[in-house]
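A.B. asks: Let me begin by handing over the structure; questions about it come next.
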Amino acid sequence: MIAIQVPGDKSISHRALMLAPLADGTSRLSGLAQGADVAATATAMRALGVEEAIQTGPEFLEVTGPVELRDPDAPIDCQNSGTTARLLLGLTAGARVTATFDGDASLRRRPMARVLDPLRSAGAEVRELGDPGRLPVRVAGGALRAIEHRSPVASAQVKSALLFAGLSAGVPVTVYEPGPSRDHTERLLTAMGMSVETESLSDGFRVGLAVSDRPPHPLDLQVPGDFSSAAFWIALAVLGGAGNGVRIEGVGLNPRRTGLLRVLEAMGAAIDVRGRGETAGEPVGDIVARPSSLTGVAVPADWLPTLVDEIPVLACIASRAAGTTEIRGAAELRVKESDRLAALHANLATLSVTCRELADGLSIEGTAGGLAGTINSHADHRIAMSFGVLGALTGSSIRVDNRTSVEVSYPGFWDELQRIERRREA
Ligand code: S3P
78 MIAIQVPGDK SISHRALMLA PLADGTSRLS GLAQGADVAA TATAMRALGV EEAIQTGPEF
138 LEVTGPVELR DPDAPIDCQN SGTTARLLLG LTAGARVTAT FDGDASLRRR PMARVLDPLR
198 SAGAEVRELG DPGRLPVRVA GGALRAIEHR SPVASAQVKS ALLFAGLSAG VPVTVYEPGP
258 SRDHTERLLT AMGMSVETES LSDGFRVGLA VSDRPPHPLD LQVPGDFSSA AFWIALAVLG
318 GAGNGVRIEG VGLNPRRTGL LRVLEAMGAA IDVRGRGETA GEPVGDIVAR PSSLTGVAVP
378 ADWLPTLVDE IPVLACIASR AAGTTEIRGA AELRVKESDR LAALHANLAT LSVTCRELAD
438 GLSIEGTAGG LAGTINSHAD HRIAMSFGVL GALTGSSIRV DNRTSVEVSY PGFWDELQRI
498 ERRREA
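Start counting the sequence shown at 78; every next residue gets the next number (my numbering).
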């Protein structure tokens, strides 16, 4: 059994870096994700005036608040990180800050209207400097009205942007969403003493944030391992590419993130999960995954928000399962770091896997034959890592282009893959 530790959770790290400066006192954050996406958030927060309050060590920060955010001297470069851009648009729109947000070519293509429109309805001054509904965007933050929004998509970034806007502006927020998007913001705010209400409705979920007359409490947070990073090693193990299996330690087990485990269980995977407690309201534990004989399944569309980032690796797993795997309700994948449905379809076809691209998903026929070809990762980290897993299976001959894209979420990914390949042969 190969023991593995994965980087800190990216979603939680972004949020902790944005929320800690608002708290009244010193927050201690350890195990923060070290990839370029979270680094973009840390750099942005420094540019917004948090600089003096941050003491750095490896993966460790102490942040003393409350910090009054200030206008940055230059546009904030969110690089490849949608979470940085959308959440900071919300946070600054509610604060008295004027700032311009921009990103790389991929982020400039991604939709921002889903955040800009509800912010505008609440009275925020947000203005696109280029194409409508896209970065770059200039925010002139100020007084907002109470926020009430029905999001047509289950998006944690939309929900969190609005919660952050309400928090920084001191106005109440109600967001309705059609599915169970990740709830890290709600859990962190609750851990910081804020009054967050969540309700399951017949057609989705409602989240409410009440106005508080005192600032949030500081956070004492050991960021759990990122389930989305663990997913690659779970995949490698169940496909038989990690000897007799892996044990991944200290992983975040938030049920709104672990939908892949439900799907793999339905496919017949040998996976055990052992809880180890909680940090700032987030469940943490160990995952053991062993070689398994897998059968294709139809993934229920309403599970999608709980495995939205794991569809690339699931599609690669499905290419080795017996029979057909059908993924529907995944249209959001077209507006991630790349059009992931198109990228998965084209790359699986390159490997001679029979795959149909649907408007909102994929239908994949598993094969036991050898996989060979060159993968166009579209500089998308999750596409690169998913096919990296297939490339590590015995009998595969796969070259992944643009391997450095993994730096955004998992800088040590290729080294870890090599280590596991050496260990399984030992
Ligand atoms: C994230 C939310 C998800 C996810 C992204 C991270 C977050 O995006 O795909 O990788 O940290 O809030 P959406 O909110 O757009 O679904």
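We treat Cβ as the ideally placed atom computed from N, Cα and C, and that holds for glycine.
Taking all protein chains shown into account, do 16 or more other C-beta atoms lie within 10 angstroms of the C-beta of Ala395, making it buried, or fewer, making it exposed?
C.D. replies: Result: buried.
A.B. asks: Would DSSP call Asp114 helix, strand or coil?
C.D. replies: DSSP places Asp114 in helix when its eight states are reduced to three.
A.B. asks: Pull up the CB-CB distance for Leu240 and Leu286, whole angstroms please, since I reckon it's below 8 Å.
C.D. replies: That belief holds up - the Cβ atoms of Leu240 and Leu286 are roughly 5 Å apart, short of 8 Å.
A.B. asks: Taking all protein chains shown into account, decide if Ser279 is buried (16 or more other Cβ within 10 angstroms of its Cβ) or exposed.
C.D. replies: Ser279 should be labelled exposed.
A.B. asks: Does the beta-carbon distance from Leu96 to Leu221 come in below 7 Å?
C.D. replies: Cβ atoms of Leu96 and Leu221: not closer than 7 Å.
A.B. asks: Please tell me whether Ala312 and Val323 are closer than 7 Å, where the distance is taken between their beta carbons.
C.D. replies: Not in contact: Ala312 and Val323 (Cβ atoms no closer than 7 Å).
A.B. asks: Considering only the beta carbon of each residue, do Val477 and Asp303 sit closer than 7 Å?
C.D. replies: No.
A.B. asks: According to DSSP, is Ser220 part of a helix, a strand, or is it coil?
C.D. replies: The question names Ser, yet the displayed sequence has Ala at residue 220. It is coil, neither helix nor strand.
A.B. asks: Any heavy atom of the ligand S3P within a distance shorter than 6 Å of the CB on Gln156?
C.D. replies: No, the beta carbon of Gln156 sits no closer than 6 Å to any heavy atom of the ligand S3P.
A.B. asks: Does the distance from the C-beta atom of Ala170 to that of Gly218 stay below 7 Å?
C.D. replies: Yes, they are a contact pair.
A.B. asks: Distance, Cα to Cα, Pro149 vs Ala80?
C.D. replies: Straight-line Cα distance between these residues: approximately 43 Å.
A.B. asks: Following the continuous alpha helix (DSSP H) through Glu202, name the residue where it begins and the one where it ends.
C.D. replies: No alpha helix (DSSP H) contains Glu202, which is instead part of the beta strand (DSSP E) from Glu202 to Glu205.
A.B. asks: List in chain order: all unbroken alpha helix (DSSP H) runs of 4+ residues lying wholly within the segment 356-441.
C.D. replies: Here the runs fully enclosed are 388-395 and 417-427.
A.B. asks: Tell me whether Arg259 sits in a helix, a strand or coil according to DSSP, three-state version.
C.D. replies: Correct three-state label for Arg259: coil.
A.B. asks: Going by other Cβ atoms of all chains shown within 10 Å of its Cβ, with 16 needed for buried, is Asp260 buried or exposed?
C.D. replies: Classification of Asp260: buried, given that the 10 Å Cβ count is 16 or more.
A.B. asks: Exposed or buried, which one is Leu206 when buried takes at least 16 other CB atoms within 10 Å?
C.D. replies: When all chains shown are included, Leu206 counts as exposed.
A.B. asks: Between Ala233 and the ligand S3P, is the CB less than 6 Å from at least one heavy atom?
C.D. replies: Answer for Ala233: yes, Cβ within range of the ligand S3P.
A.B. asks: DSSP three-state call for Gln299: helix, strand or coil?
C.D. replies: Three-state DSSP puts Gln299 in a strand.
A.B. asks: Between Gly400 and Thr372, how many whole angstroms is the CB-CB distance? I'm expecting something under 8 Å.
C.D. replies: About 6 Å; that satisfies the 8 Å criterion.
A.B. asks: May I have the straight-line CA-CA distance separating Ala506 from Thr160, to the nearest angstrom?
C.D. replies: The structure shown has nothing for residue 506, since the chain only spans 78 to 503.
A.B. asks: Quick check: Leu428 and Ala469, are their CB atoms within less than 7 Å of each other?
C.D. replies: No.
A.B. asks: Using only CA atoms, which one of Gln299, Val376, Arg197 and Asp386 lies nearest to Val340?
C.D. replies: Measuring from the Cα of Val340, the nearest candidate turns out to be Val376.
A.B. asks: Please tell me whether Gly443 and Ala407 are closer than 7 Å, where the distance is taken between their beta carbons.
C.D. replies: It is not a contact, given that the beta carbons lie outside the stated cut-off.
A.B. asks: Check whether the Cβ atoms of Leu106 and Ala116 lie closer than 7 Å to each other.
C.D. replies: Taking 7 Å as the Cβ cut-off, Leu106 and Ala116 do not qualify as a contacting pair.
A.B. asks: Any idea if Asn157 is buried or exposed, counting beta-carbon neighbours within 10 angstroms, 16 or more meaning buried?
C.D. replies: Classification for Asn157: buried.
A.B. asks: Assign Val235 to one of three DSSP states: helix, strand, or coil.
C.D. replies: Here Val235 sits in helix by DSSP.
A.B. asks: Which of the three DSSP states, helix, strand or coil, is assigned to Asp23?
C.D. replies: Here the chain comprises residues numbered 78 to 503, so residue 23 is not present and cannot be evaluated.
A.B. asks: Using the Cα positions of Ser228 and Pro188, report the straight-line distance between them to the nearest angstrom.
C.D. replies: Each residue's Cα considered, the two are about 14 Å apart.
A.B. asks: Hey, could you find the ends of the alpha helix (DSSP H) Val340 is sitting in?
C.D. replies: Per DSSP, Val340 belongs to the alpha helix (DSSP H) from Gly336 to Met344.
A.B. asks: Should Ser415 be listed as close to the ligand S3P, given that the test is whether its C-beta is under 6 Å from any heavy atom?
C.D. replies: No, the beta carbon of Ser415 sits no closer than 6 Å to any heavy atom of the ligand S3P.
A.B. asks: Of the residues Ser415, Val412, Leu421 and Glu414, which one's Cα is nearest the Cα of Ile404?
C.D. replies: Residue Leu421 is the option with its Cα nearest to Ile404.
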